[in-house]
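Take a look at the structure set out below.
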Amino acid sequence: MNRKKIDVVVIGAGPAGLAAATAAKKSGADSVLLLERNEFLGGILLQCIHDGFGLHQFDQMLAGPQYAELLVEGLMKEDVVHLLNSMVIDIDRDRTVTAVTPKGLWQLDAKAVVLAMGCRERTRGAIEIPGSRPAGIFTAGMAQRYMNLRNLRPGREVVILGSGDVGLIMARHVALEDGMRPVCVLEIKNHLGGLMRNKVQCLDDYGIPLHLSTTVTDIRGKHRLEGITTCRVDEQMKPIPGTEQEIACDTLFLSVGLIPENELSKRAGVTLSDGTRGALVDNNYETNVPGIFSAGNVLHIHDVADYASFEGYQVGANAAAYAKQPWDRERRFPVHAGDGIMYVLPHVLCEGCREAELKFRVKKPYDNVRIVIENGGERLYRKRFTKILASEMQIVKVKSGVPFHDLRVRVEDAG
Amino acid sequence: MAEQSGITCILCPNACQLVVHYDRSRKEITGLDNAQCKRGKEYAPQELFDPRRSVMTVVPIRSKFWKVTSVLTAQPVPKARIHDVYEEIKKLRLTAPVRRGDIVLGNVCNLGIDVIVTRTVLE
Chain P
36 MNRKKIDVVV
46 IGAGPAGLAA
56 ATAAKKSGAD
66 SVLLLERNEF
76 LGGILLQCIH
86 DGFGLHQFDQ
96 MLAGPQYAEL
106 LVEGLMKEDV
116 VHLLNSMVID
126 IDRDRTVTAV
136 TPKGLWQLDA
146 KAVVLAMGCR
156 ERTRGAIEIP
166 GSRPAGIFTA
176 GMAQRYMNLR
186 NLRPGREVVI
196 LGSGDVGLIM
206 ARHVALEDGM
216 RPVCVLEIKN
226 HLGGLMRNKV
236 QCLDDYGIPL
246 HLSTTVTDIR
256 GKHRLEGITT
266 CRVDEQMKPI
276 PGTEQEIACD
286 TLFLSVGLIP
296 ENELSKRAGV
306 TLSDGTRGAL
316 VDNNYETNVP
326 GIFSAGNVLH
336 IHDVADYASF
346 EGYQVGANAA
356 AYAKQPWDRE
366 RRFPVHAGDG
376 IMYVLPHVLC
386 EGCREAELKF
396 RVKKPYDNVR
406 IVIENGGERL
416 YRKRFTKILA
426 SEMQIVKVKS
436 GVPFHDLRVR
446 VEDAG
Chain H
1048 MAEQSGITCI
1058 LCPNACQLVV
1068 HYDRSRKEIT
1078 GLDNAQCKRG
1088 KEYAPQELFD
1098 PRRSVMTVVP
1108 IRSKFWKVTS
1118 VLTAQPVPKA
1128 RIHDVYEEIK
1138 KLRLTAPVRR
1148 GDIVLGNVCN
1158 LGIDVIVTRT
1168 VLE
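Line order of the protein sequences matches chains P and H. For the first sequence, my numbering assigns the number 36 to the initial residue and increments by one for each residue that follows. For the second sequence, my numbering assigns the number 1048 to the initial residue and increments by one for each residue that follows.
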């Protein structure tokens, strides 16, 4: 086995990992190693051929692969070493990273580790749709991978379950592509899952129907999918008897949520948050395990890749600083997700902290509310929103004259 | 004649619900509500009088590793021409190497807009 000492090991070369590795090297880490499981850099960006990437970072409307190539160019400029086809199989609390690489089994003693493994799609199993188990049922991202990287056609008559962004984008892709037709998009919630701009340009432009408060209750077909049964749901998302409808289709795409991929984090003893299903982190994006940091979709699901990269740059720099001079664990104060807030990042703040950048989401869409951020009794931020959506992450910088000790974000009715 | 129309700005995730007051005969915007940034001011007349969208897809490529690469219209094309543009793009057959930004179809459908490669395939 090959043993090496490395300052900063970054796991995963998607938008967050590429940025983290670049920033770690730029910030003065002597050795940075970026490990990627795939045979290419860029992660999910390569199959995201639609534009809309890079607006925040490069002020351009780029396709996913273009954006990935710009990030890779930044990485190359810093001369960061990367390994493809390399799968990390274990990390322990002392930051020993074990990876299977084309050069054999490697054991890396890292001074700091950045977890940037991204996320996975929820599957049919995860949402427990009854019925038979024919071919023709794909997660939307898997279908996207088949179509955009392998030139394969997953099916012809396509129903999309879930109105998340990947589902909406795939509906448009199917509408354009020869020999394929989107039948409809179904959403179990009473509101859109993805961004409004994607509904406008992906569904409305092509006249693709969206049925809210509707789900799939049966799947038929022996070898290949032949049809599904849809059903309206009530406010508790329970199917309403008598509202069943049969739809003929040979393909079902599932866009029913993304889950941070934290199997490795758990092995390292990283504590996860119920709100995000990613690591619990402090204002340095350091987890409860000293020297192990987390960034991008493995930490919390981002709606825009640019924000995952920004997080990566920030966290990569922090990891480099830790590698140079490890800091002691100070006392940490929790940040509370108050009324109407799904989660707030960071989850805890180091003692003495007076400035913080908070990232948060509301639990559900609200009209006419105020977002309030308070430290104890002191109000630091108050803003009125005529409309605020769960699909849109909010980023707010707050400052206080006294150290944060009881920071809370909440939604308040604004009449 | 003064008219009013609600459109969703799709330039960024804010998705501002614009309320546009306009005069169709003179192609003129007389008022705009709910825009959170200045780009909404450019988007509103564009979307009302000449809606445009980018077209993206994949095309087959002869390469050692890849079956396809991805392409995109360098600027958005008129919404009504999306399908024509798509059909033209789908006739393409590429051979590596191609680089990000290479024009693989100039002036598609005589719209004065090029189709460019978005993923470099070197071999």
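Idealized CB from N, CA, C, for every residue including glycine. Fair warning: this is a prediction, and the values are worked out from it, not measured in the lab.
Under the 8 Å Cβ criterion, the stretch 242–258 of chain P counts as touching the stretch 162–179 of chain P, having at least three qualifying pairs.
With fewer than 16 other beta carbons inside 10 angstroms of its own, Ala1127 (chain H) counts as exposed.
Proximity of chain H to Arg414 (chain P) at the Cβ level (cut-off 7 Å) is not reached, the minimal Cβ distance being about 23 Å. Beyond the five residues adjoining it in sequence on each side, His85 (chain P) comes within less than 6 Å, by CB distance, of Ile204 in the same chain, given in chain order.
Secondary structure in the stretch 240–291 of chain P: no alpha helix (DSSP H) run of 4 residues or longer lies completely within the stretch.
Taking 9 Å as the cut-off, the Cβ atoms of Val201 (chain P) and Gly176 (chain P) count as close. Taking C-beta separations shorter than 7 Å and ignoring five residues to either side along the sequence, the partners of Glu1135 (chain H) in its chain run Leu1152, Val1155, Cys1156, following chain order. Residue nearest to Arg38 (chain P) within the set P:Gln142, P:Val404, P:Gly87, P:Val116 is P:Gln142 (criterion: CA-CA distance). When Cβ-Cβ separations below 9 Å define contact, Pro244 (chain P) makes no contact with chain H. Ranked by Cα distance from Ala64 (chain P), the first of P:His382, P:Val350, P:Asp402 is P:Val350.
According to DSSP, residue pairing for Pro1125 (chain H) in a beta bridge involves H:Arg1099. The bridge partners DSSP lists for Trp141 (chain P) are P:Asn37, P:Ala134. For the options P:His382, P:Ile243, P:Ile41, P:Gly160, the alpha carbon positioned closest to that of Leu69 (chain P) is the one of P:Ile41. In the three-state DSSP reduction, Arg1086 (chain H) falls in the helix class (H, G or I). Counting only residues of its own chain and dropping the five nearest sequence neighbours on each side, Glu1050 (chain H) has a CB closer than 7 Å to the CB of Tyr1069, Arg1071. Nearest CB-CB separation between Ala1062 (chain H) and chain P: below the 9 Å threshold.
Below 8 Å, too few C-beta pairs join the stretch 188–196 of chain P and the stretch 1111–1126 of chain H to call them touching: fewer than three. Chain H places a beta carbon closer than 9 Å to that of Met182 (chain P), counting this residue as a contact. Taking 9 Å as the cut-off, the Cβ atoms of Ile243 (chain P) and Ala283 (chain P) do not count as close. Of the candidates P:Gln101, P:Phe93, P:Gln92, P:Gln101 places its Cα closest to the Cα of Met1103 (chain H).
Taking a Cβ-Cβ cut-off of 7 Å, the neighbours of Val235 (chain P) in chain H comprise Thr1055, Ile1057, given in sequence order. In the structure shown, Gln429 (chain P) adopts extended strand secondary structure according to DSSP, grouped into three states. Counting C-beta pairs closer than 8 Å gives three or more between the stretch 433–441 of chain P and the stretch 377–397 of chain P, which meets the contact rule.
With a cut-off of 8 Å on Cβ pairs, the stretch 1069–1088 of chain H is not in contact with the stretch 143–152 of chain P, counting fewer than three such pairs. If the five residues before and after Asn233 (chain P) are omitted, its C-beta is found closer than 7 Å to the C-beta atoms of Asp200, Leu203, Ile204, all from its own chain and listed in chain order. Inter-residue distance for Asn225 (chain P) and Asp402 (chain P) is about 15 Å (C-alpha atoms, whole angstroms). Contact annotation for Lys1088 (chain H) against chain P: no contact, minimum CB-CB distance about 17 Å [criterion: below 7 Å].
Under the 8 Å Cβ criterion, the stretch 1106–1113 of chain H does not count as touching the stretch 89–97 of chain P, having fewer than three qualifying pairs. Listed along chain P, the residues sitting closer than 7 Å to Thr1165 (chain H) by beta-carbon distance are Ile84, Ala98, Pro100, Gln101. Under the criterion of beta carbons closer than 8 Å, Met428 (chain P) and Arg396 (chain P) qualify as touching, at roughly 6 Å. Between the C-alpha atoms of Arg1147 (chain H) and Arg1166 (chain H) there is a straight-line separation of about 5 Å. Per DSSP, the continuous alpha helix (DSSP H) segment holding Gln101 (chain P) begins and ends at 99–112.
Straight across, the Cα-Cα distance linking Lys1088 (chain H) with Ala1082 (chain H) is about 7 Å.
A residue is called buried when at least 16 other Cβ atoms come within 10 angstroms of its Cβ; Gly47 (chain P) meets this threshold and is buried.
Under the DSSP definition of a beta bridge, Asn332 (chain P) lacks any partner. For Pro217 (chain P), the enclosing beta strand (DSSP E) begins and ends at 216–221.
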